[in-house]
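> The structure that follows is given in the form of C-alpha cells.
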Amino acid sequence: MNSHRERLRKRADKGTAERDWAHVLLRWETGLAIVVVGIVAIGALASPDFLTGNNLFNLGLSNGEIAIMTLPMTLIIISGEIDLSVASMLGMSSALLGFLWARGWPMPAIFVMVAVVGLAAGAVNGLLVTRLRLPSLAVTIGTLALYRGIATILLGPNTVSNFPAAYTNLGVNAVPFTSNDMTYSTLVFLVLAVIFGVVLHSTPFGRSIYAMGASAEAAQFAGIRVKRIKTTLFMISGLVCSAAGVLWTFRLNTAVQNNGLGLELDVVAIVLLAGVSIFGGKGSVIGVVLAVLAFCGIQNALLLTNFNQEASGIVTGALLLASVFLPNAARWLHGSRRLSWAARRPSWLTRTQST
Amino acid sequence: MRAALLPKRETGQPAPSGTGQAAGLAERVFRVRESGILVVLIVFVAVTTLLRHRFLDQSNIQFVLIDTTVFALLALGETMVVISRNVDLSVGSVLGLSAYLSTNLFGQHPGIPVVVVFLAGLGIGLACGLANGIMVAAGRVPSLVVTLATLYIIRGIDILIVGGNEVVAQSLPNAFLDIPKTTVIGIPDLAIVIAAVIAVGWYYLRTFRSGRDLYAIGSNPEAARLAGIPVGRRVFTAFAVSGAIAGVAGVLWGAQYGTIDSTAGTGYELQVISAVVVGGVAIFGGSGSVVGAALGALLLSTISSALYTLGISPFWDQAIWGFLLLLAITLDQTITQRLTSALRQRRIRHE
Amino acid sequence: MRLRRATLLALALPAAITLAACSSSSASSTSTTTPATSSSATTSATSSSTASSSGLKTGLKVFIIPKNLGNSYFTTADSANSGGAIAALDTLGESGTETSGTAATPASQIPAIQAAIAKGANALIVSATDPTALCPTLESAMKRGITVVTYDSDAPTCRDLFVNQASTAEIGTSEVDVLASEIGDSGQIAIVSAAASATNQNAWIGYMKQELKKYPKMSLVSIVYGNDDPTTATQVTQGLLQQYPNLKGIISPTTVGIAAAAAVLDNAKYRGKIMLTGLGTPDEMKKYVADGTVKEFVLWNPANLGYLAAYAAVNYASGKITNAEGQSFTAGKLGSYTVGADDTILLGPPTVFNAANINNFNF
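Protein chains in written order, with the working numbering: chain E, 2 to 356; chain A, 3 to 353; chain Z, 43 to 405.
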C-alpha cells in the first residue's frame, strides 16, 4: 500500500516537474550553449584567426550595439509585445547627436537630450500600445518609419564626423584593465545583461513581465499594472536604443541619417533564437546572451573562412528554424506518451485576443 | 449550448439567415469598415488635388495604380494569412527570388511565351509557400518565427543564385514590358485584372466554406478545431496561396521595373503588413477583408505619390509618411474596436 | 536549484573556452591557404617574372571590398573574367579575394574589412560605403602597414590612395553638357539622385550646378532622392513628372536611378519629350537606347577601374610609389598613370555611350 502511494506520488512529482516551464526552458538554453561551443570549435578549426583576441575585439565592436538592443527587446517580447522601431530609434538618436554637436551644444547636454528623446520615443510606442490598445507590431512599423524620417529631417544629406577623440576612442580602444580584448560596447552589454537578468529573473517586476506575457488579462486581475509596466518597457527600449545610437555614432565617428538601417529584424532574430517565445511568457536573458554569441559567432566564422558570405543569411534562418522546431519536437516526444490532448496543444492556440 | 460551440463571428463574416438582425448589423459594420478607408482615400485625394491639380490627371492615376499592383497582390495573400492569426514575413524574399528566376527565362530561352514565365513565377512562389505552410501547419510553430527564418533563407538562396548578375530590360520581350503600360479608357489593363483578382479573393473568403474557415480559425482557433474545421489544412493552404501570389507578383515586378537583381523586393514585408493593417485587417486575425487590404495598399501608394507630387522637401517625406501611417493605423484600429464593442453590446442586449 | 546551477554551467562552458582561447593565443595570425592563393601560386611561377622584373612584390594578399556583393557594377570591377581587379592581381602573382557584406552599409562592410585584416591582408582595395564611418577600421589597418586604396567611392581622410573613375568635376559637367545638347540648351531639368547622404552623388551634383551656370536658359527645378531603390526611384520620378509639366530633361547620376527613370519614361508619351541621361551601365541601358528613351549616357569601364586599383595597390605595397603627387607607375595593359592631387589617381575621362558604341560593351 505504502509503496503504491509512493509510486503515485513520484509519478505526480515527475509529471509536474516535466510540465514545469523552467525545465523546458532549460533544455533550449543548454542546447544553445552546445551550439555556441560547436560554433567556437568549428570556427577555431576552420581558421586560426577565429579565437584570437583581436578577432574577438572586432566581433565586440561590430556587434556591440545590436547585442545591447536585444536586451530590452527580450523583455518586451516576453511581455507579449514587439518593438520593431529599435533601429530607427538608434538612427534618430545618432542624428540628434550629430545635429546638436554641429550646433555647438556641449556633450553632456547632448547626452541628456538624447536620453530624453529616447524615453519620449519609447513612451510614444508604449502609450499607443497600452492606451489606444493598438497592436505593437503595427504601431512599431509606423514608428519605424516616423523615427527614421525624423533622423532624415535632422541631418538631411549631411554627415557629422568631427567628434572629439575622447569619445570616438570608444570605438578604438579596449577597456583598460581587461586583456585588451574587451570593447566598451561589450562591457556595456555584459553589465546590462546582468542588470536585466537580475531584474527579469529575481524581482517581482520581472515576474510580472512573465505573467502578462502568459496572459495579460489574468495578470491584470492579479493586480499587476500591465499598462504601466508595458509602457515602462517601451521607454526602457527607447533609452537603451538611444544609448546604442550614441555608441554607434562614436564608434564610427559618423552621424548620418541611415545609421543602423535595417537592424530591427536581426535584433528580433537573435531574441527568437534565444528561445524567447514570440507569444510571450517565456524566455531568459542567459538565452539571449548565448544567442548573441551564436549569431555573431556564425557571421564571424563565415567571414574568416572562405565560406560564401552571401549564404550567412541561410545559416541564420536555419538556426531560427531550429530554435522553434527542436523544443517543439522534444516536447512532443515527451508529451505524446501521457499528456492529454488538452495539455498538448501549442500555446499559440490559446492566445486570447486583446479587446 | 450549441451556439457556444460555434466559432465566434467577427465583423466581416456573413451569418446564416437564422440570426437575421445580428447578420444585418454585421453586414453594415463590414461595409462601414471598407467605406471608411475609401472615405479617407477620397478625402486625401481631394485635398491633394486642390493643392496640385495635376495630381488627379490621367497619367498620375495610371502611375499610382500601377505602383499599387504589386503591393495589392501581396496584400491579398498576406490578408488570407493574417486573417487566420498568422503572418507571412517572407513575401519580399519570395518576390525577389521569383522575379529573377522567372524573368531570367526570357534570356535563357528566347521566344518563351509570357504565360510560361508567369507560371514559372507562380511555381516558384508556390514552392516557397508550401514550405512555409508545412512548417507552420504541421510543425505547429509560430508563423512569425518561421517566416522570418524563410525571409533570411530565401533571400540567401536568391543572393547565392544571382550573385552579381542581373536581368536587364534588353533581354525582356516588349510584350512583357508592355503589360503595365497598356490601358483601356485610360485605366491600366493590369489594374483592372488585379482588381478582378481581388474581387475573386473577396468572394472566395466570404462565400466558400474554406474561406470562411480562415476567419473562424483567426477568431478562436480552439473553437474552430472543436467545431471540426481542419485548421492545419486551411492554414497550409493560406500560406501556399500567399507564396504563389508573391511569386506572380515577382513576375509583375520584373515587368514594371525591367532591371532585376538580387535586391528585388527587399523590405517589402513591412510595407505589405502596413497596407494590410491600414486596410482594416486585424493583426490578431478573425476579421478584415482583402478589399480593405487592397484599399490600404492604394492609400499608401497615394500618400507616397502625393508627397512627391506636392514637392515637400524630400527630407520631410519619410517622417510625414511615417506619421500618416501611424495615423491611419490608429484611426482604423480605434474604429474597429469601437465597432466591435458596439456589436458585442448590441448582441448582449439582444440575448 | 537545478535551474540556476545548470544555466550557470551552460553559460560558463562557452565563456570558459572563449576566455581560455583569448588569453592563450597571441594577436598575430598565421596565414591560411585560401583557394585564391593556391591558384595564383601556380600562376605566380610563370608570371612572377613579370612582377619581379618590375620590382613588384609577389604573393601579396589583396582583399577587394566593394560596397556590397551581388552588385553587377562591382562584380564587373572586381572579377577575373571581366578583366577587373582580380585579373590584374592574378597577372601580377598576387592573391586576390573579393569580400564584403550584402547590404551596402558601413555596418555590413566593416566586418569584412576586419576579417581581411585578420586574415593577414597586405593591401585592401575598398569602395567606401561612407566617407568617414570606415575610418577607425581603415586607420587601424594602415597602422599595421596594410596598404589601403579606395576606388569608386572615397574615404578621403583614411586611405593611402584613391583611384577615381573620372574627375569628379568631369562627371558632373559631362552629364549637364550631354543633357543640354539634347534639349537645346533650354528648359527645366531635374536630378534623380541616390541616397540623400551619398557623397559621390552630392559631389557630382555640386559640379552640375556649377556647369548649369553656362546655360542660362536651363533651370534645375528639383533634386529628388531615389535611395538606390527601384520603387522609390520610380515614385520620385513620377512625382517629378506630375509636379513639373514642362520638365524637359532628367539627369540621374546613379545606375539604379537611371534604370528606374528610363522604365518610367519608356512610353510614347514621354519618349523624346523628356530627355534622360546620367550614369548607366551599357547592359541596363541597351533597350532604352535602342528605342530612343535615352540618347546618350555616361560611365566609365568598371573593369578598368578595378584593374587600375589593383595595380596601384600592388605598386604602393611594394614600395614602388608613394602617394606624393607626380609619382608614376605602369598599370599593365592600361598604360602609365600618375598620382595627382589629394593622393588621387584618375582612370581617365568618362566614356559617353550612345547607339553607336553601346553594343561593344558587355557590362
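In this text, a Cβ means the ideal position worked out from N, Cα and C, and glycines have one as well. Computed from a predicted structure; not experimentally measured.
List the whole-angstrom C-beta distance separating Z/A163 from Z/I128, where the pair is believed to meet the contact cut-off of C-beta under 8 Å.
That pair is no contact at about 14 Å.
> Can you give the beta carbon distance from A/G256 to A/S104, rounded, assuming they're within the 8 Å contact cut?
A/G256 to A/S104, Cβ: 7 Å. Contact.
> Checking contacts by CB at 8 Å: is Z/Y267 closer than that to chain A?
Chain A contact via Cβ: present.
> Would you kindly report the start and end of the unbroken beta strand (DSSP E) that includes Z/F403?
From DSSP, Z/F403 is part of no beta strand (DSSP E); its letter is neither H nor E.
> Find the nearest neighbour of A/F238 within the set A/V250, A/L216 and A/L228, judged by alpha-carbon distance.
Among A/V250, A/L216 and A/L228, the Cα nearest to that of A/F238 is on A/L216.
> Note down, one range per segment and in chain order, each beta strand (DSSP E) of at least 3 residues found wholly within the stretch 250-279 of chain E.
As far as the stretch 250-279 of chain E is concerned, it has no whole beta strand (DSSP E) run of at least 3 residues.
> I'd like the list of long-range same chain contacts for Z/I387, defined as Cβ closer than 6 Å, with 5 residues on each side in sequence excluded.
Only V205, A354, Y379 and V381 meet the Cβ criterion.
> Give me the Cα-Cα distance between Z/T393 and Z/A373, rounded to the nearest whole angstrom.
Using only the alpha carbons, I get a separation of about 19 Å.
> Which class does Z/E140 belong to by DSSP, given the choice of helix, strand or coil?
Here Z/E140 sits in strand by DSSP.
> Which residue marks the beginning of the alpha helix (DSSP H) containing E/A194, and which one marks its end?
From DSSP, the alpha helix (DSSP H) with E/A194 extends over Y185 to S203.
> I'd like the ranges of any alpha helix (DSSP H) spanning at least 4 consecutive residues and lying wholly in the stretch 40-121 of chain A.
Segments of the alpha helix (DSSP H) lying fully in the stretch 40-121 of chain A: 60-85 and 93-110.
> Quick one, which residues of the stretch 233-250 of chain A are near chain E if we go by CB-CB under 8 Å, in chain order?
Correct list: empty, as no residue qualifies.
> List the endpoints of the continuous beta strand (DSSP E) containing Z/A232.
It spans G229 to S235 - the beta strand (DSSP E) in which Z/A232 sits, taken as one unbroken run.
> Return yes when the Cβ of A/P144 is within less than 8 Å of the Cβ of E/V325, no when it is not.
Going by C-beta atoms, E/V325 is nearer than 8 Å to A/P144.
> Count the other CB atoms within 10 Å of the CB of A/L329; is the residue buried (16 or more) or exposed (fewer)?
Exposed is the call here.
> For chain Z, check one thing: does any of its Cβ atoms lie closer than 8 Å to the Cβ of A/D191?
Chain Z, which has no Cβ nearer than 8 Å to the Cβ of A/D191, makes this no.
> Just curious, the alpha helix (DSSP H) that A/F178 is in, first and last residue?
Counting along the chain, the alpha helix (DSSP H) containing A/F178 begins and ends at N176 to L179.
> Mind checking the stretch 50-75 of chain E against chain Z and listing, in chain order, the residues whose C-beta falls within less than 7 Å of any C-beta there?
For the stretch 50-75 of chain E, which is checked against every Cβ of chain Z, the residues closer than 7 Å are D50, L52, T53, G54, N55, N56, L57, N59 and S63.
> Examine chain A for any beta-carbon lying closer than 8 Å to the beta-carbon of Z/V278, and answer yes or no.
By this cut-off, Z/V278 is an interface position.
> When the Cα atoms are used, what is the spatial distance from Z/V191 to E/T187?
Going by the C-alpha atoms only, they are around 30 Å apart.
> Grab the span of the alpha helix (DSSP H) containing A/F238 for me, first residue to last.
Taken as a continuous stretch (DSSP letters only), the alpha helix (DSSP H) holding A/F238 covers V233 to Y259.
> Would the stretch 276-290 of chain A count as touching the stretch 105-114 of chain A if we require 3 or more Cβ pairs under 8 Å?
With the cut-off at 8 Å, the stretch 276-290 of chain A and the stretch 105-114 of chain A do not touch.
> Could you check whether the Cβ of A/I161 sits closer than 8 Å to any Cβ belonging to chain Z?
Answer yes: the Cβ-Cβ gap between A/I161 and chain Z drops below 8 Å somewhere.
> Using 8 Å as the cut-off, can you tell me whether the stretch 330-337 of chain A makes contact with the stretch 306-318 of chain A, which would need three or more C-beta pairs spanning the two stretches below that distance?
Flag = no, the stretch 330-337 of chain A and the stretch 306-318 of chain A do not touch.
> Can you tell me the Cα-Cα spacing of E/A323 and Z/I363, whole angstroms?
Using only the alpha carbons, I get a separation of about 53 Å.
> Which residue marks the beginning of the alpha helix (DSSP H) containing Z/Y358, and which one marks its end?
It spans P344 to A359 - the alpha helix (DSSP H) in which Z/Y358 sits, taken as one unbroken run.
> Going by the beta-carbon positions, is the gap between E/L62 and E/T255 smaller than 8 Å?
No; because the gap between Cβ atoms is not below 8 Å, this pair is not in contact.
> So A/F210 and E/L147 are supposed to be a Cβ contact under 8 Å. How far apart are they, rounded?
The Cβ separation is near 39 Å, so there is no contact.
> Over the uninterrupted beta strand (DSSP E) stretch that includes Z/V394, give me the two end residues.
Note, Z/V394: beta strand (DSSP E), T393 to N396.
> Hey, quick one: how far does the beta strand (DSSP E) through Z/N206 stretch, first residue to last?
Taken as a continuous stretch (DSSP letters only), the beta strand (DSSP E) holding Z/N206 covers L203 to N206.
> Under the DSSP definition of a beta bridge, which residues are partnered with A/V138?
None, per the DSSP bridge assignment.
> What residues from chain A crowd round E/R252, counting only those whose CB sits closer than 7 Å?
The premise fails here: E/R252 is roughly 25 Å from chain A at the closest Cβ pair, so nothing lies under 7 Å.
> Taking Z/D227 as the reference, which of Z/A238, Z/N365, Z/L254 and Z/A211 has the closest Cα?
With distances taken between Cα atoms, Z/D227 lies closest to Z/L254.
> In terms of alpha-carbon separation, which member of Z/I292, Z/L203 and Z/S137 lies closest to Z/A351?
Measuring from the Cα of Z/A351, the nearest candidate turns out to be Z/L203.
> Taking 8 Å as the CB-CB limit, is Z/S360 close to chain A?
No, its Cβ sits nowhere closer than 8 Å to a Cβ of chain A.
> Rounded to whole angstroms, what's the CA-CA distance from A/I247 to Z/K99? Just pull it up for me.
Roughly 56 Å separates the two Cα atoms.
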